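Note that numbering that gives the first Met the number 0 has the sequence shown beginning at 0, numbered continuously upward. Ideal Cβ positions, reconstructed from N, Cα and C, are used throughout, including at glycine. The structure displayed is predicted, hence computed values, not measured ones.
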Amino acid sequence: MIAKLQKYASGRLVLLLFIITTVVYLVIVLYSIPEVVKLAPEMKLFDMSPGGYDAIYAEELLRSIGQTGREI
Numbered sequence: 000m001i002a003k004l005q006k007y008a009s010g011r012l013v014l015l016l017f018i019i020t021t022v023v024y025l026v027i028v029l030y031s032i033p034e035v036v037k038l039a040p041e042m043k044l045f046d047m048s049p050g051g052y053d054a055i056y057a058e059e060l061l062r063s064i065g066q067t068g069r070e071i
């Protein structure tokens, strides 16, 4: 398995995957999260709650963002 991974682990491939990952991250941080936060500014999103959340909070957040927020 490691030998197979090493076969494909070229500098170009690593750079390409890094760029793709960075673009996806930037879309999430600069577009998706702000758009969802606009729909429920008083609530923390699931990923922003390191202490966790309960079912009631999850229902309230999903109700607050509505169908529009779930489709972003």
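Can you give me the C-alpha to C-alpha distance between residue i and residue j, rounded to a whole angstrom?
i	j	result
residue 35	residue 14	30 Å
residue 12	residue 23	17 Å
residue 48	residue 2	39 Å
residue 0	residue 10	19 Å
residue 37	residue 27	14 Å
residue 4	residue 45	34 Å
Can you tell me where the alpha helix (DSSP H) holding residue i begins and where it ends?
i	result
residue 2	1-7
residue 63	54-70
residue 33	32-38
residue 26	10-26
Assuming residue i and residue j form a contact by the criterion Cβ under 8 Å, report the distance between their Cβ atoms to the nearest whole angstrom.
i	j	result
residue 19	residue 39	Wrong, their Cβ atoms sit about 30 Å apart, outside the cutoff.
residue 60	residue 69	About 10 Å separates the two Cβ atoms, so there is no contact after all.
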